[in-house]
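Only one structure is covered here, and it is reproduced in the block below.
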Amino acid sequence: MRLEYALLLSVLLDMAKCAIDFTDCGTILEVTDVKFGNCIQTPCTVERYSEVSVEIELSRKTHVPPLDSVSAVAEYVHRGISWELGISPSDTCTTWTCPLQDVNTYSYQAKISFEPISYLRPGEVLIKTFNTLQPDGDPIFCASWDINFV
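In mature numbering (1 follows the signal peptide of the UniProt record, and there is no 0), the protein residues as written are -18 to -1, 1 to 132.
Pasting the structure below:
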């Protein structure tokens, strides 16, 4: 019985290490989990000029339209001011099948470059995807989380 409790506790601790606090701000796909580098708690620590991997798990909120072209952008936001970050791939159709399929789950993986940021104040990372042909439309998915620079 003790072994079962120890295994359960171990699994729960491993699950807690993977999740960080984030805000879902999208319309079509719901963000269910964000993994940002080896961050286990927000605010996440980011080294100046670094490149950090991100993995975002998504589930369908509403019908997914068959979009042929979907782009991603990343921003660093501090007190309402945004700076564009490098994100690769920015064309999500390189990892997703486009036109988008109306499936229940998606996973998005990318690398974010913090090289262009010289303003090292606490802020947040914002990633959003959108129909390339309608960049001002509602985001397909959107997530943000807090960071600090070291």
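Here a beta-carbon is modelled for each residue, glycine too, at the ideal position from N, C-alpha and C.
Sort out for me which residues DSSP pairs residue i with in a bridge.
| i | result |
| --- | --- |
| N113 | V52 |
| S32 | Note: S32 sits in no beta bridge, so no partner. |
| Q83 | Its beta-bridge partners do not exist; DSSP assigns none. |
| E39 | D15, S89 |
| Y58 | W65, V107 |
| residue 151 | Here the chain covers residues -18 to 132 and nothing more, so residue 151 does not appear. |
| T5 | S126 |
| C75 | Answer by DSSP bridge pairing: none, since C75 is not bridged. |
| C26 | I129 |
Which residues in the same chain have their Cβ closer than 7 Å to the Cβ of residue i, if we skip the five residues on either side of it in sequence?
| i | result |
| --- | --- |
| F18 | I2, C26, V34, V36, W127 |
| P48 | P81, L82 |
| F131 | V28, R30, L102 |
| S95 | E33, L67, G68 |
| D120 | T9 |
| Q23 | I2 |
Rounded C-beta distance between residue i and residue j? I'm assuming under 8 Å.
| i | j | result |
| --- | --- | --- |
| T77 | P71 | 6 Å |
| E39 | T14 | 5 Å |
| S41 | T87 | 5 Å |
| I122 | A92 | The Cβ separation is near 14 Å, so there is no contact. |
| C124 | C7 | 4 Å |
| D84 | V46 | 4 Å |
Grab me the residues of residue i's own chain with a C-beta within less than 8 Å of its C-beta, minus the 5 sequence neighbours each way, in chain order.
| i | result |
| --- | --- |
| C75 | D50, S51, V52 |
Keeping to the same chain, check which residues put their C-beta closer than 6 Å to that of residue i; ignore five residues upstream and five downstream.
| i | result |
| --- | --- |
| E97 | Y31 |
**Request:** Examine the Cβ distances between the region 62 to 80 and the region 93 to 113 and report whether three or more of them are shorter than 8 Å.
**Result:** yes
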